[in-house]
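Undergrad: Sending over a structure as structure tokens; questions will come in a sec.
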Amino acid sequence: MAVRIKRGDTVRIIAGHEEGVQGEVLRVLPKDSRVIVQGVNVRKKHQRQIQSGGRTMNPGIIQFEASIHISNVMLICPRCGEPTRVGVKREDGEVQRICKQCDEVIDR
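With our numbering applied, the sequence shown covers 1 to 108.
This is the structure:
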């Protein structure tokens, strides 16, 4: 199944412990059907000091956004501002994403 959410889109979390939170998509992992959303599913990792390539990584506790399943997010339409499903329209060999609520083309 094609992924209809792209990097840079604004999405709302619709399931899980972060339900209702909005954020920007930082990365899409289509093989795993997962996305990484800014400020959502933040995890902590205890990093030890590592030397690689002549550089050293500082030790300590680092925070990073972990991925969440793509079915748990819904695209926010830039036109109507509501969470919406995404449709696809093919015109003149071009594929365009459309908002199912307001039938407008979703462009960034």
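C-beta: ideal position from N, C-alpha, C; glycine also.
1. If you reduce the DSSP assignment to three classes, tell me which class Ile5 lands in.
2. Count the other C-beta atoms from every protein chain shown that fall within 10 angstroms of the C-beta of Thr56, then say buried if there are 16 or more, exposed otherwise.
3. Around the C-beta of Asn58, are 16 or more other C-beta atoms found within 10 angstroms, so that it is buried, or is it exposed?
4. Residues in its own chain within less than 7 Å of Thr10 by CB, not counting five upstream and five downstream?
5. Below 8 Å between beta carbons: does that hold for Ala15 and Arg43?
6. Return the bridge partner residues of Ser52 from the DSSP annotation.
7. Please confirm whether Ile13 and Val35 have their CB atoms less than 8 Å apart.
TA: Put simply:
1. Here the question's residue 5 lines up with position 5 in the sequence shown. Three-state DSSP puts Ile5 in coil, outside helix and strand.
2. The residue you call residue 56 lines up with position 56 of the sequence shown. Under this definition Thr56 is an exposed residue.
3. Here the question's residue 58 lines up with position 58 in the sequence shown. With fewer than 16 other Cβ atoms within 10 Å, it is exposed.
4. Counting from one through the sequence shown, the residue named residue 10 turns up at place 10. Once the five neighbours on either side are set aside, the close Cβ partners of Thr10 are Gln22, Glu24, Ile76.
5. Here the question's residue 15 lines up with position 15 in the sequence shown. Here the question's residue 43 lines up with position 43 in the sequence shown. Result no, Cβ atoms of Ala15 and Arg43 do not sit closer than 8 Å.
6. The count along the sequence shown starts at 1 and reaches residue 52 at position 52. Bridge partners of Ser52: Arg55.
7. Walking along the sequence shown from the start, residue 13 turns up at place 13. Walking along the sequence shown from the start, residue 35 turns up at place 35. Their beta carbons are not under 8 Å apart, which means Ile13 does not touch Val35 by this criterion.
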